[in-house]
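Engineer: Taking this note's numbering, the leading residue of the sequence shown gets 40, the next gets one more, and so forth. All C-beta atoms, glycine included, are put in the ideal place defined by N, C-alpha and C. The structure presented is a predicted model; accordingly, all values stated were derived computationally and were not measured.
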Amino acid sequence: MSVKPVGVAVIGAGMASLPHGKSLASLVESVKVHGVYSPSALRREKFAQNFGFVAVDSVEAITQNSDIQCVLLLTPPNARRELVMALAGAGKHILMEKPVERSLATATELVEICEAKEVQLGIVFQHRFRDASIALREQLHELGSIRTVEVSVPWWRDQSYYDEPGRGTLERDGGGVLMSQAIHTLDLMLSLTGPVESVVAMHGTTAFHQMECEDFVTAGLQFKSGAMGALHASTASFPGGSESIVLHGELGSAVLTGGELTMSFRDGRRRQVGESATSGGGADPMDFPHGWHQRLIEQFLSTITGTNHNSSVPFPTGRSSLQVHALIEALIQSGAERRWVQL
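#1: State buried or exposed for G183, treating a residue as buried only when at least 16 other CB atoms are found within 10 Å of its CB.
#2: Could you pull the start and end residues of the alpha helix (DSSP H) that E154 belongs to?
#3: At 4 residues or longer, what runs of the alpha helix (DSSP H) sit wholly inside the stretch 81-120?
#4: What residues in its chain sit with their C-beta under 6 Å from that of V285, if we drop five residues either side in the sequence?
#5: Can you look up T296 in the DSSP assignment and give me helix, strand or coil?
#6: In chain order, what residues of the same chain lie with their CB nearer than 7 Å to the CB of E157, ignoring the 5 residues before and after it?
#7: My output table needs one value for P58: the three-state DSSP class, helix, strand or coil.
#8: Let me know if M325 comes out buried or exposed under the rule of 16 or more other beta-carbons within 10 Å of its beta-carbon.
#9: Where L335 and F164 are concerned, what is the direct C-alpha to C-alpha distance, given to the nearest angstrom?
#10: Answer yes if the stretch 232-240 comes into contact with the stretch 253-265, meaning at least three C-beta pairs across the two stretches below 8 Å, and no otherwise.
#11: Mind checking who Y201 pairs with in its DSSP beta bridge?
#12: Look at M250 and R141 and say whether their C-beta atoms are less than 9 Å apart.
#13: Quick one: using the 10 Å Cβ neighbour count with 16 as the cut-off for buried, is K137 buried or exposed?
#14: Tell me which residues share the same chain as S172 and place their Cβ nearer than 7 Å to its Cβ, disregarding the 5 neighbours each side in the sequence.
#15: Any contact between the stretch 261-280 and the stretch 188-204? By contact I mean 3 or more CB pairs, one from each, below 8 Å.
#16: Tell me the rounded alpha-carbon separation between G213 and A174.
#17: So for Q372, helix, strand or coil by DSSP?
#18: Going by DSSP, what residue range makes up the beta strand (DSSP E) through A48?
#19: Of all the beta strand (DSSP E) runs that stay within the bounds of the stretch 250-302, which reach a length of 3 or more residues?
#20: Would you be able to state if there are at least three C-beta pairs under 8 Å between the stretch 72-91 and the stretch 358-373?
#21: Could you tell me if L290 is buried or exposed, where buried requires 16 or more neighbouring beta carbons within 10 angstroms of its beta carbon?
#22: Have a look at the DSSP bridge pairing and note the partners of Q381.
#23: Thinking C-alpha only, which one of A94, V42, T145 and H332 is nearest H223?
#24: At the level of alpha carbons, what is the spacing between S230 and L134?
#25: Between the Cα of Q159 and those of V47, T342, S351 and A369, spot the shortest distance and give me the residue it belongs to.
#26: Is the beta carbon of R310 less than 9 Å from the beta carbon of Q178?
#27: Tell me the residue span of the beta strand (DSSP E) that contains E136.
#28: Among the candidates L66, L340, E282 and H271, whose CA atom is the shortest distance from the CA of V367?
#29: Considering only the alpha carbon of each residue, which of M124, G91 and F86 lies closest to E99?
#30: Would the beta-carbon of A118 fall within 9 Å of that of D96?
#31: Determine the direct distance from the alpha carbon of V49 to that of A87, and round the result to whole angstroms.
#32: Exposed or buried, what is T245 when buried is set at 16 or more other beta-carbons lying within 10 Å of its beta-carbon?
#33: Name the DSSP beta bridge partners of P193, please?
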């Protein structure tokens, strides 16, 4: 028995749309793209042409199309509130690029809008869907209680990246390296370790960049579980390396670096999963495979259609994603006030 493809639309055709376009094109048997919209006619026409989709000239063409069940919202965070209100009001489920919004308060508002209209809101945290990340989640219990956590995001961005109007500003992006880059690794960390209780941080803008917000952060983390942690995040680490999460447990340790997981146990066992993969940590922000996005999209579609999707990955909803927003806000507050901050 054939299953009718899920009707999908895309709003936003900038840099972040590339892996989404590739993913939707790969899901041609289960997804029907009914429209692509961007305020830029050139961008929407180019995106639609590249992937064989149909471009539309208004948001209303999407909200008023009863064949569309889900919308991929890929705009910058400052362009979302009115769109979310219109889409949720039309009963369209929303899969949205990170971050949810520019601050915890405005992110919470968007989540509550969707909850009030009873539409699903998913957030694109694709790092959860790498093979190595999934393997670590499934084998995490073998480490015993986690005692210490080390997180590093040593990325690089040329000044040309920040020369784009609005990039790295509070007005458009809501912040710098924490909100735009490290948020992926921090979300993955929280999904593995549980919540952070308090933080102490230092952050600033290095001489490598001319930008409003931070390109360098270092911090200490105290987890609610009792574990202690250290964070380093930067877009000033030329030529850019793979982000990593290291978990030290009572029975062993796990090192998750890019797409590779190495687990070492106190009884002498050692296990390796996955393979090295680029993740956009260098000068090209889109230098990574689209498969992680495709898995995320598939799981979101299974959620809205009520079909069975066998996955051990807890899906990043709008509500659950507020946790990483709260952590980032606490890190920024701590660095600004030079003190420990409770979450």
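Structural biologist: On the basis of the supplied data:
#1: Taking the sequence shown and counting its residues from 1, one reaches residue 183 at position 144. Exposed.
#2: Start at 1 with the first residue of the sequence shown, and residue 154 comes out as number 115. Where E154 is concerned, the enclosing alpha helix (DSSP H) starts and stops at L143 to K156.
#3: The DSSP assignment places 99-102 as complete runs of the alpha helix (DSSP H) inside the stretch 81-120, in order along the chain (cut-off: 4 residues).
#4: Taking the first residue of the sequence shown as position 1, residue 285 is located at position 246. Answer for V285: E189 and V294, listed in chain order.
#5: Reading the sequence shown from its first residue, position 257 is the one you call residue 296. Note: T296 maps to strand in three-state DSSP.
#6: Looking up residue 157 in the sequence shown gives position 118. Correct list: empty, nothing qualifies.
#7: Counting from 1 along the sequence shown, the entry for residue 58 is found at position 19. Correct three-state label for P58: helix.
#8: The residue you call residue 325 lines up with position 286 of the sequence shown. Low local confidence applies: a pLDDT of 49 at M325 is under 50, so the model's placement there is unreliable, with the coordinate-based value given in what follows. With fewer than 16 Cβ atoms within 10 Å of its Cβ, M325 is classed as exposed.
#9: The count along the sequence shown starts at 1 and reaches residue 335 at position 296. The count along the sequence shown starts at 1 and reaches residue 164 at position 125. About 8 Å.
#10: They touch, by the three-pair rule.
#11: Residue mapping note: residue 201 aligns to position 162 of the sequence shown, counting from 1. Answer is none; Y201 lacks a bridge partner.
#12: For the purposes of this step, residue 250 is taken as residue 211 along the sequence shown, with counting starting at 1. For the purposes of this step, residue 141 is taken as residue 102 along the sequence shown, with counting starting at 1. The answer is no: Cβ separation not under 9 Å.
#13: Position 98 of the sequence shown, counted from the first residue, corresponds to residue 137. Its Cβ being crowded by 16 or more others within 10 Å, K137 is buried.
#14: Residue 172 sits at position 133 when you count from the first residue of the sequence shown. Correct list, in chain order: H166, L227 and L295.
#15: Taking one beta carbon from each stretch, the stretch 261-280 and the stretch 188-204 have 3 or more pairs nearer than 8 Å; the two touch.
#16: Numbered from 1 along the sequence shown, position 174 holds the residue referred to as residue 213. Numbered from 1 along the sequence shown, position 135 holds the residue referred to as residue 174. Inter-residue distance for G213 and A174 is about 32 Å (C-alpha atoms, whole angstroms).
#17: Counting from 1 along the sequence shown, the entry for residue 372 is found at position 333. In the structure shown, Q372 sits in a helix (DSSP, three-state: H, G or I).
#18: Walking along the sequence shown from the start, residue 48 turns up at place 9. Its beta strand (DSSP E) spans residues V45 to I50.
#19: Correct list: 255-262, 267-273, 283-288 and 291-296.
#20: Contact between the stretch 358-373 and the stretch 72-91 is absent, because fewer than three Cβ pairs lie under 8 Å.
#21: As a position in the sequence shown, residue 290 is number 251, starting the count at 1. Taking all protein chains in view, the Cβ of L290 is surrounded by fewer than 16 other Cβ atoms within 10 Å, so the residue is classified as exposed.
#22: In the sequence shown, the residue the question calls residue 381 occupies position 342. Per DSSP, S237.
#23: Counting from one through the sequence shown, the residue named residue 223 turns up at place 184. Out of A94, V42, T145 and H332, H332 has the C-alpha closest to the C-alpha of H223.
#24: Counting from 1 along the sequence shown, the entry for residue 230 is found at position 191. Counting from 1 along the sequence shown, the entry for residue 134 is found at position 95. If you take the alpha carbons of S230 and L134, they lie about 19 Å apart.
#25: Here the question's residue 159 lines up with position 120 in the sequence shown. Shortest Cα-Cα distance from Q159 to any of V47, T342, S351 and A369 involves T342.
#26: Against the sequence shown, residue 310 aligns to sequence position 271. Against the sequence shown, residue 178 aligns to sequence position 139. Q178 is positioned such that its CB atom lies closer than 9 Å to that of R310.
#27: Numbered from its first residue, the sequence shown carries residue 136 at position 97. Unbroken beta strand (DSSP E) run through E136: H132 to E136.
#28: Position 328 of the sequence shown, counting from 1, holds the residue named residue 367. The displayed chain sequence assigns Ile, not Val, to residue 367. Taking only the C-alpha atoms, the option nearest I367 is H271.
#29: Taking the sequence shown and counting its residues from 1, one reaches residue 99 at position 60. Closest option to E99, Cα to Cα, is M124.
#30: Indexing the sequence shown from 1 puts residue 118 at position 79. Indexing the sequence shown from 1 puts residue 96 at position 57. Not a contact, by the Cβ cut-off of 9 Å.
#31: The residue you call residue 87 lines up with position 48 of the sequence shown. The residue you call residue 49 lines up with position 10 of the sequence shown. Taking the straight line joining both Cα atoms gives about 10 Å.
#32: Counting from one through the sequence shown, the residue named residue 245 turns up at place 206. Answer is exposed; the Cβ neighbour count stays below 16.
#33: On the sequence shown, position 154 is the one that residue 193 refers to. In the DSSP output, where bridge partners are listed per residue, P193 has S273.
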